[in-house]
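The structure under discussion appears below in the form of C-alpha cells.
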Amino acid sequence: MVLSVKDRFSKWISLWRLLPSAGVPLAVAAAVGNVIVGFLPMAFVVAVSSLLDGIATGGGEHRWQDHAAAFAVVSAAFFLHQLLVPLPAALGEIVARRVDGRCVQDLMRTTLTEAAVGQLENPRTMDVLSDARAAYTRAALTPGDAVAGALALLARYTQLGCAVALVSLALHPLAGAVAGLTALIIRFGQRGSLARFSGLMKSLASERRALIYVRALVSGPGLAKEARVFGLRPWLRELLGRDTEHYVRPLWKGRRALLFWPFVRYSLVGLLGGAAVLAMLSLAHDGLSVLQLTVALQATVVLIRFGVYFPESDVPTAYGMNSYTALGEFKEIAGSTSLRTGLPAAPPEGELSFRDVSFRYSPDSPDILRGLDLDLVVGGSTAIVGLNGAGKTTLVKLLARLYEPTGGRIVVDGRDLAQVDARDWQRQVAVVFQDYNRYQFSAADNIGMGAPAHLDDIAALERAAAQAGADTVIDHLPDGARTVLSREYAGGRELSGGQWQRIALARAYFAIAKGASVLVLDEPTAQLDVRAEAEFFDRFLATTAAVTSVVISHRFSTVRRADRIVVLEHGRVVESGSHDELVALGGRYADMFALQARRFQDEATKEAL
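If you're matching positions, the sequence shown starts at 1 in the working numbering and goes up one per residue.
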C-alpha cells in the first residue's frame, strides 16, 4: 500500500511538472482563477449565514436598509462566481493544448529519430506507443487534459480548506478535523479506485490495440473490394464481436470490483464522519448563533460531498495520466539504445565494407546474416542478388543504420560505423525500400521529402523527377506536381504501382542531389515492365556514375552492367565479381542467370507466335 501511495504521488508530481510548458503567466493565471472560483462559494456561505443571522436577531422591525450591505455581499459573491466559472475552464483548455503540443513534439522526436527501428517492431513497444498515440487521435484523453483537470482540483481543495476552517471556527476545531479527515479519506479512496481501474485499462493495451485495428478495418475504405469479393462481412462481424468482448469483459468485472464495493465502504466512512460532526453540532446547538449554525451546516455538507465524482477533473486526470505514462515509458524504451555517439559522418571516399557481420532480429530468432564479408564499390555500383530470405534487404537496413549488427562491424574509411552519429550517417544514405511509403501528399512533396530542407528548390525537384522517369507521370496529373497523390482528396489522383515506384526513385535522387552520397535501391524495377526497366537502368548508370550505389534486384538484366555483382546465400557472400567473370565461373550466378534468360526467351517466343 505504501508503494502504491508513493507511486500515485510520483505520477501527480510528474504531471504538475508539465504545467510550466504551457507558459508561466498562463499557468499562474489558470491556478489563481481556480483558487478564486473555489473560494467564492465559501464566501457566499458566510455571507448568506450572516444575512440570516441579521434577520433572525434583528427584532420585530426589519428594514431593507439594515440588511442591504449583507445582501450586496451575497449577490456579489453569487454573480462573481457565475461570471468567473467559465474563465478557469477556458484557461485550462489553452493550458491543455499547449501541454499537448509539447507532448506531441516529444512523441514525434522519439518515434522518428530516437527510437531504434527494432524497438518500434517490439510488441510491448507497440502497445505503449498505441496508448501514447491514441491521445492525439482523440481516441483517449491527453496529458494536457490531465493537467487541466489537475488545475480544476485547486478549486475543490480551496473549498475543502475553507470548509474545514469554517467548521472549526463555527463549531469546534475537533469537528473541523473530523470532517476534514473524513472528506480526505473518502476522496483518497475514490481516487484510488479510479486509479486502479485506469491501471486495469492500461494492462489491456494489447487487447485494445487489436480492437482498434479491427474497428478501423471494418469502418474504412481499404477493405471494401476484398470484403465484397470474399464475402467477409459475417466473419468480420464475428471478429469484431469477439475482440470487443475480450477487451470489455475484464473492464466490466473490474468495474464492479474496483469501483462499486469501494464506493460502498467509503460511503459508510462518510456516514460515520458526518454522524460524528452532526452529533457535535447537536450537543452544541443551544450555544450556537444562527450564523454559527448555518455556517457549520453548509460547510459540513461541502466536506461530506468532497468524496463524490468530480467530472471536470477525475476522468481527465486518471486517463490523461495514462497517456502521459505511456509516453514516458515509450521515451524510456527509446532511450535504452542510444544511436548518437558524437562522431560526424562523412561520405565514403575509399572504403565501405562489412566485416564478419552477423545479425538477427531478436535474441531467439535465427541469424539472417552470418559472418558476412563484403566490400562495396565506392564511387561505383554494386549489385546484390540472391534468393528470397538470403538477407539482401536486411543488409540494406544495416547499411542505413536502421539496425545495428549483432556481430562484426561495418567500416567506412577505417572507422567503425557504430562510432558515427547515426542521424548524420542516415543523411548520407538515400534508400528506396522494397516497401516504400506512398504519402497522400502532393507529387512535389513526395519527391521533396528526400531532402525536406530544400523543398523550395523547384528546379532540383524537376531534375530528380526526370532522372527517375517520373516527369512523364507528373505531366499527366491535373495540377502537375501540386496534385495530391490520392483519390481521397478533391482533385487528387491515384498512381499505378510502377508510377509510384518512379516517384519513390525521384525522392532518392533528390536526396543525392542535396548531399547524400550512398544510393541504395531495393528491387527498384519490381513494378516496371521490361522496356521501362531497361530505360531506367540506362538512365541510372548515366546519372550515378560517381555515386556509391547498391542495387538489389531479382532481374539479372538489371544487375549485369553493375561494376560488381555479389551473390548472397544463407546470409553470406558466396560469389563476387563482374557479370562476365561470374558467368565464366559457372557457379550460382551463372545458373540463376541462365534459368532466367531461358524463361525470358520462352516468353518472347510465345509472344512472337
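Just so you know, even glycine gets a beta-carbon here, dropped at the ideal spot from N, CA and C.
Coarse secondary structure for residue i, derived from DSSP in three states
i	result
F536	helix
L455	coil
R560	coil
R17	coil
V214	helix
L417	helix
A400	coil
E207	helix
V377	coil
T544	coil
I368	coil
S576	strand
V308	coil
T382	strand
Q166	A quick correction: the sequence has Leu, not Gln, at residue 166. Helix at L166.
F197	helix
R555	coil
P221	helix
D591	helix
E349	coil
S10	helix
L582	helix
R390	Looking at the sequence provided, one finds Ala at residue 390 rather than Arg. Looking at A390 - three-state DSSP - the assignment turns out to be coil, as it is neither helix nor strand.
G189	helix
Extent of the continuous beta strand (DSSP E) to which residue i belongs
i	result
V567	564 to 569
E332	E332 -> not in any beta strand (DSSP E); alpha helix (DSSP H) instead, spanning 314 to 335.
V551	548 to 552
S49	Per DSSP, S49 belongs to no beta strand (DSSP E); it is in the alpha helix (DSSP H), 24 to 57.
I410	407 to 412
R355	352 to 359
Span separating the alpha-carbon of residue i from that of residue j
i	j	result
K514	A451	7 Å
A466	S517	19 Å
A604	R598	Unreliable positioning characterises A604 in this predicted model, as indicated by a pLDDT of 49, which lies under 50. The coordinate reading is nonetheless provided below. So the alpha carbons of these two residues sit roughly 10 Å apart.
G270	H172	19 Å
Y361	E494	35 Å
G23	P143	16 Å
C162	V28	21 Å
A155	F306	12 Å
A608	G231	At A608 the pLDDT is 48, less than 50, meaning the model places this residue with poor confidence and gives no usable figure here.
P311	D106	28 Å
I185	A195	15 Å
A132	G189	27 Å
M1	H570	Residue placement at M1 is flagged as unreliable, the pLDDT there being 39, under the threshold of 50; the coordinate-derived value follows with that caveat. Each residue's alpha carbon lies about 54 Å from the other.
S21	K331	18 Å
S549	S130	37 Å
I94	F9	25 Å
R355	V573	12 Å
S313	M321	11 Å
G274	D100	41 Å
A76	L303	24 Å
D53	K11	46 Å
E462	T483	14 Å
G335	F39	44 Å
G577	I410	21 Å
A506	A470	7 Å
I565	L387	14 Å
A146	S323	9 Å
L181	L402	56 Å
G342	W16	33 Å
Residues bridged to residue i (per DSSP)
i	result
S442	V484
L171	According to DSSP, which records beta bridges pairwise, L171 is partnered with nothing at all.
L343	V420
Boundaries (first-last residue) of the alpha helix (DSSP H) holding residue i
i	result
E245	233 to 255
L271	261 to 283
L519	Per DSSP, L519 belongs to no alpha helix (DSSP H); it is in the beta strand (DSSP E), 518 to 522.
F230	224 to 230
V301	290 to 304
V429	Element bounds for V429: not the alpha helix (DSSP H) but the beta strand (DSSP E), 429 to 432.
A422	422 to 426
Near the ligand GTP: residue i beta-carbon under 7 Å from a heavy atom
i	result
K392	The ligand content of the structure shown is nil, which means the ligand GTP is not present either.
- Message: Going residue by residue through the stretch 75 to 156, where are the continuous alpha helix (DSSP H) segments of at least 4 residues, counting only ones entirely within it?
- Response: Taken in chain order, the complete alpha helix (DSSP H) segments of 4 residues or longer contained in the stretch 75 to 156 are 86 to 109, 117 to 120, 123 to 134.
- Item | Runs of alpha helix (DSSP H) wholly within the stretch 458 to 515 (minimum 4 residues, chain order) | 458 to 468, 471 to 475, 497 to 513
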